[in-house]
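J.: Once you know that position 83 of the sequence shown is 203 in our numbering, the rest is easy, because the numbers rise by one and skip nothing.
Yeah, the Cβ is synthetic: ideal placement off N, Cα and C, and Gly gets one too.
Next up is a structure, given as structure tokens.
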Amino acid sequence: MTLFTRSKYLWVPLLLLALEGAIPRLQAQEFDWGGSFRVYPFLRLEKLALEEEPEETGSPSRRDTELLILRLTGNAFFGQHVRLEIHPLLEFVSPSRLLGPSGLATSTTPTFLPLEHVFTDSPDVELIGSFDRLNLKIDLNQVRIVIGRQAVTWGVGYFWPSLDLFAPFSPRRVDRDYKPGIDAIRATIPLGAFSEVEVIGAILGPSLSRDGTLAALTRFNLGPLDWGLMGGRFHRDTVAGSFLTADAWGTGLRAEVSWTQSGDPEDRVRDRRTFWRAAAGVDRQLTPTFLVTAEFSFNGYGASQASDYLDWITADRVLRGEINALGRFYTGVSGVWRFHPLGTITHTLLINFQDPSTLWVPSFQWSTSNNSDVLAGAQIGIGKGLQSSGMGPVPQSEYGLVPNTLFAAIRVYF
Numbered sequence: 121m122t123l124f125t126r127s128k129y130l131w132v133p134l135l136l137l138a139l140e141g142a143i144p145r146l147q148a149q150e151f152d153w154g155g156s157f158r159v160y161p162f163l164r165l166e167k168l169a170l171e172e173e174p175e176e177t178g179s180p181s182r183r184d185t186e187l188l189i190l191r192l193t194g195n196a197f198f199g200q201h202v203r204l205e206i207h208p209l210l211e212f213v214s215p216s217r218l219l220g221p222s223g224l225a226t227s228t229t230p231t232f233l234p235l236e237h238v239f240t241d242s243p244d245v246e247l248i249g250s251f252d253r254l255n256l257k258i259d260l261n262q263v264r265i266v267i268g269r270q271a272v273t274w275g276v277g278y279f280w281p282s283l284d285l286f287a288p289f290s291p292r293r294v295d296r297d298y299k300p301g302i303d304a305i306r307a308t309i310p311l312g313a314f315s316e317v318e319v320i321g322a323i324l325g326p327s328l329s330r331d332g333t334l335a336a337l338t339r340f341n342l343g344p345l346d347w348g349l350m351g352g353r354f355h356r357d358t359v360a361g362s363f364l365t366a367d368a369w370g371t372g373l374r375a376e377v378s379w380t381q382s383g384d385p386e387d388r389v390r391d392r393r394t395f396w397r398a399a400a401g402v403d404r405q406l407t408p409t410f411l412v413t414a415e416f417s418f419n420g421y422g423a424s425q426a427s428d429y430l431d432w433i434t435a436d437r438v439l440r441g442e443i444n445a446l447g448r449f450y451t452g453v454s455g456v457w458r459f460h461p462l463g464t465i466t467h468t469l470l471i472n473f474q475d476p477s478t479l480w481v482p483s484f485q486w487s488t489s490n491n492s493d494v495l496a497g498a499q500i501g502i503g504k505g506l507q508s509s510g511m512g513p514v515p516q517s518e519y520g521l522v523p524n525t526l527f528a529a530i531r532v533y534f
């Protein structure tokens, strides 16, 4: 074990000792807790595009996946200025989340601190315990500081965010209640009633040298407009960007843009030493029961043609979830109809104009009580699949590779 590896596992006790010195003799004056239990069954209606049958038996691999998530949420308050947040998480996945569609409802975000433990070692079953939140918030007179594993969101993009490089949601994600936590130290300095500057130092993966991050975001409130500027180092990249939001006659308008100078040597092979990403969207409540969200996205990192997608799938920024698109030009549209006080129907279309291909996600949600609901839906890929060639299979579209999948959920909150 290297010195760096040993130091990684010393982070937690050292952090606790530092916090003990910073806030001596404090006892929790108030504690609240809650949580949720979620059961997600998934069923793939067809095999994966590149899936092969097991050679040993010749029988088809499993197309069903079961995901159970137990999350506890706790907050301990030490006076008015100090709060400890903790979210223990227990996940049961069968088969392994690397082999099934469980990523539609949970995340495999890489982290630095050793706050996860895999209790099983089998491709058929995974039982994983972790802390998705473990942080201390200190509210001083002129600055708010959060230390530890926490959720961070930057920018205003929904389907394909350009500025949110802190474990962004995939556009295919069907459960967005909790954003994955990252290991960071964050300081927020108010600049007025609705303006602030936020500085974050984080390690967004297992390696300090490869995944170390230091960045700042400034938000300005200009009356009907909110404007932000962002810049810093993420992983090995240099990134700068900006966002703008406004409300025009009841319609929410938002846009963001980012420029990246890549520090990944593999991006030189892909001719992506520098690239731009951008998104612009609208949100409109058309009627008291119908909401529409639409967003256009440009991904300058994406492949220029579908036949190159297999090379982009293995890119580090795609594997870690920073970019969730293989092509360059996209539109996402979502319509939510509340047909009953307890029920909603949602239709989402993710369109890749370059292929062209589309992912259609219809879903139904019903509130069964004040603290529980049920969900059912599907993800249906529309587009060309693989084409055989002398060099092996060649993709013809992005969403044509997505297997049609049914999903359901029972969610209980307490």
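Which residues does DSSP pair with E186 in a beta bridge?
T.: As a working mapping, residue 186 is identified with position 66 in the sequence shown. E186 pairs with P161 and S214.
J.: Provide the residue(s) that pair with R253 in DSSP beta bridges, ordered along the chain.
T.: Residue 253 sits at position 133 when you count from the first residue of the sequence shown. R253 pairs with H207.
J.: Please tell me whether V466 and A498 are closer than 8 angstroms, where the distance is taken between their beta carbons.
T.: The sequence position of residue 466 within the sequence shown is 346, counting from 1. The sequence position of residue 498 within the sequence shown is 378, counting from 1. Here residue 466 turns out to be Thr, not Val, going by the sequence shown. Cβ distance not < 8 angstroms, so T466 and A498 don't count as in contact.
J.: Can you tell me the Cβ-Cβ gap for L470 and P291, rounded? I've got them flagged as a contact below 8 angstroms.
T.: Here residue 470 refers to the residue found at position 350 when the sequence shown is read from its first residue. Here residue 291 refers to the residue found at position 171 when the sequence shown is read from its first residue. Rounded, the Cβ-Cβ distance is 5 angstroms, consistent with contact.
J.: In the structure shown, what three-state DSSP assignment does I302 receive?
T.: Against the sequence shown, residue 302 aligns to sequence position 182. Strand, per DSSP.
J.: Span of the alpha helix (DSSP H) holding E386?
T.: Counting from one through the sequence shown, the residue named residue 386 turns up at place 266. From DSSP, the alpha helix (DSSP H) with E386 extends over E386 to V389.
J.: Looking at T229: is its Cβ nearer than 8 angstroms to the Cβ of P300?
T.: Your numbering for residue 229 matches position 109 in the sequence shown. Your numbering for residue 300 matches position 180 in the sequence shown. Their beta carbons are under 8 angstroms apart, which means T229 touches P300 by this criterion.
J.: Determine the burial state of E175: buried for a count of at least 16 other Cβ atoms within 10 Å of its Cβ, exposed for fewer.
T.: Along the sequence shown, one-based indexing puts residue 175 at 55. Low confidence applies to E175: its pLDDT is 48, below 50, so where it sits in the model is not reliable enough to give any reading.
J.: For A368, write down the residues that DSSP places opposite it in a beta bridge.
T.: Taking the sequence shown and counting its residues from 1, one reaches residue 368 at position 248. Paired residue(s): T371.
J.: Check the C-beta distance from R306 over to I323 and give it rounded, since I have them as a contact under 8 angstroms.
T.: Numbered from its first residue, the sequence shown carries residue 306 at position 186. Numbered from its first residue, the sequence shown carries residue 323 at position 203. Rounded, the Cβ-Cβ distance is 13 angstroms, inconsistent with contact.
J.: Can you list, in chain order, the residues of its chain with a C-beta nearer than 7 angstroms to that of E186? Leave out the 5 residues immediately preceding and following it.
T.: The residue you call residue 186 lines up with position 66 of the sequence shown. Once the five neighbours on either side are set aside, the close Cβ partners of E186 are P161 and S214.
J.: Evaluate K167 with the Cβ neighbour count: other Cβ atoms within 10 Å of its Cβ, from every protein chain shown; 16 or more gives buried, anything less gives exposed.
T.: Residue mapping note: residue 167 aligns to position 47 of the sequence shown, counting from 1. Exposed: under 16 other Cβ atoms inside 10 Å.
J.: Exposed or buried, S424, counting other C-beta atoms within 10 Å across all chains shown (16 or more means buried)?
T.: Position 304 of the sequence shown holds residue 424. That one is exposed.
J.: I want to see whether chain B comes within less than 8 angstroms of D152, judged by CB atoms only; does it?
T.: The chain inventory of the structure shown lacks chain B, comprising one protein chain alone.
J.: Excluding the five sequence neighbours on either side, which residues of its own chain have a C-beta within less than 7 angstroms of the C-beta of R339, listed in chain order?
T.: On the sequence shown, residue 339 is found 219 positions in, with the first residue counted as 1. Around R339: S315, E316, D346 and G348.
J.: Determine the closest residue to T464 out of G510, F473 and T409, with distance taken between C-alpha atoms.
T.: Residue 464 sits at position 344 when you count from the first residue of the sequence shown. Selected option, being the one with the closest Cα: T409.
J.: For the pair the stretch 495 to 511 and the stretch 452 to 464, tell me if three or more CB-CB distances fall below 8 angstroms.
T.: No: the two stretches stay apart, fewer than three of their Cβ pairs being nearer than 8 angstroms.
J.: Tell me, please, whether the stretch 244 to 255 touches the stretch 380 to 399 by the rule of three or more beta-carbon pairs shorter than 8 angstroms.
T.: As far as the Cβ criterion goes, the stretch 244 to 255 does not touch the stretch 380 to 399, which means the pair count is below three.
J.: Does the distance from the CB of N419 to the CB of R448 come in under 8 angstroms?
T.: The residue you call residue 419 lines up with position 299 of the sequence shown. The residue you call residue 448 lines up with position 328 of the sequence shown. Yes, the Cβ-Cβ distance between N419 and R448 is below 8 angstroms.
J.: So, I302 versus R353, is the Cβ gap smaller than 8 angstroms?
T.: Here residue 302 refers to the residue found at position 182 of the sequence shown. Here residue 353 refers to the residue found at position 233 of the sequence shown. Cβ distance not < 8 angstroms, so I302 and R353 don't count as in contact.
J.: Of the residues V402, T358 and A336, which one's Cα is nearest the Cα of A367?
T.: Walking along the sequence shown from the start, residue 367 turns up at place 247. In the sequence as displayed, the identity of residue 367 is Asp instead of Ala. Answer by Cα proximity: V402.
J.: Taking the Cβ atom as the reference point for each residue, do A445 and V494 lie within a distance shorter than 8 angstroms?
T.: In the sequence shown, counting from the first residue as 1, residue 445 sits at position 325. In the sequence shown, counting from the first residue as 1, residue 494 sits at position 374. The answer is no: Cβ separation not under 8 angstroms.
J.: Quick one: is H207 buried, meaning 16 or more other Cβ sit within 10 Å of its Cβ, or exposed?
T.: In the sequence shown, residue 207 corresponds to position 87, counting from 1. Classification of H207: buried, given that the 10 Å Cβ count is 16 or more.
J.: Using a threshold of 8 angstroms, state whether the C-beta atoms of G69 and F534 are closer than that.
T.: The question about residue 69 has no answer here: the residues shown for the chain are numbered 121 through 534.
J.: Name the DSSP bridge partner or partners of T226?
T.: Counting from 1 along the sequence shown, the entry for residue 226 is found at position 106. DSSP, once it has assigned bridges, lists no residue as partnering T226.
J.: Could you spell out where the alpha helix (DSSP H) holding Y429 opens and where it closes?
T.: As a first step, residue 429 is located in the sequence shown; it is residue number 309 there, counting from the start. Counting along the chain, the alpha helix (DSSP H) containing Y429 begins and ends at Y429 to I433.
J.: Extract the residue ranges of the beta strand (DSSP E) inside the stretch 457 to 488, only unbroken runs of 3 or more that lie entirely within it.
T.: 463 to 472, all fully within the stretch 457 to 488.
J.: Hey, how far is the Cα of L247 from the Cα of T231?
T.: Here residue 247 is taken as the residue at index 127 of the sequence shown, counted from 1. Here residue 231 is taken as the residue at index 111 of the sequence shown, counted from 1. Between L247 and T231, the C-alpha separation is close to 18 angstroms.
J.: Enumerate in chain order the residues of its own chain whose CB-to-CB distance from P523 is below 6 angstroms, with the five nearest sequence positions on each side excluded.
T.: Numbered from 1 along the sequence shown, position 403 holds the residue referred to as residue 523. Hits under 6 angstroms: R164, E166 and L168.
J.: At the level of alpha carbons, what is the spacing between P515 and R158?
T.: Your numbering for residue 515 matches position 395 in the sequence shown. Your numbering for residue 158 matches position 38 in the sequence shown. So the two alpha carbons sit approximately 35 angstroms from each other.
J.: Inspect the beta-carbon positions of W379 and A400 and report whether they are closer than 8 angstroms.
T.: Position 259 of the sequence shown holds residue 379. Position 280 of the sequence shown holds residue 400. No, they are not a contact pair.
J.: Ignore the nearest five residues each way along the sequence and tell me which others in V263's own chain have a CB closer than 6 angstroms to its CB.
T.: As a position in the sequence shown, residue 263 is number 143, starting the count at 1. Correct list, in chain order: A307 and I309.
J.: Can you tell me whether F363 is buried or exposed, with buried defined as 16 or more other CB within 10 angstroms of its CB?
T.: For the purposes of this step, residue 363 is identified with residue 243 of the sequence shown, where counting begins at 1. Counting Cβ neighbours within 10 Å, F363 comes out buried, since at least 16 surround it.
J.: Counting C-beta neighbours from all protein chains within 10 Å, is the total for E236 16 or more, i.e. buried, or is it exposed?
T.: Here residue 236 is taken as the residue at index 116 of the sequence shown, counted from 1. Exposed: under 16 other Cβ atoms inside 10 Å.
J.: Can you grab the Cα-Cα spacing for the pair V532 / P234, in whole Å?
T.: As a first step, residue 532 is located in the sequence shown; it is residue number 412 there, counting from the start. As a first step, residue 234 is located in the sequence shown; it is residue number 114 there, counting from the start. Cα to Cα, V532 sits roughly 29 angstroms from P234.
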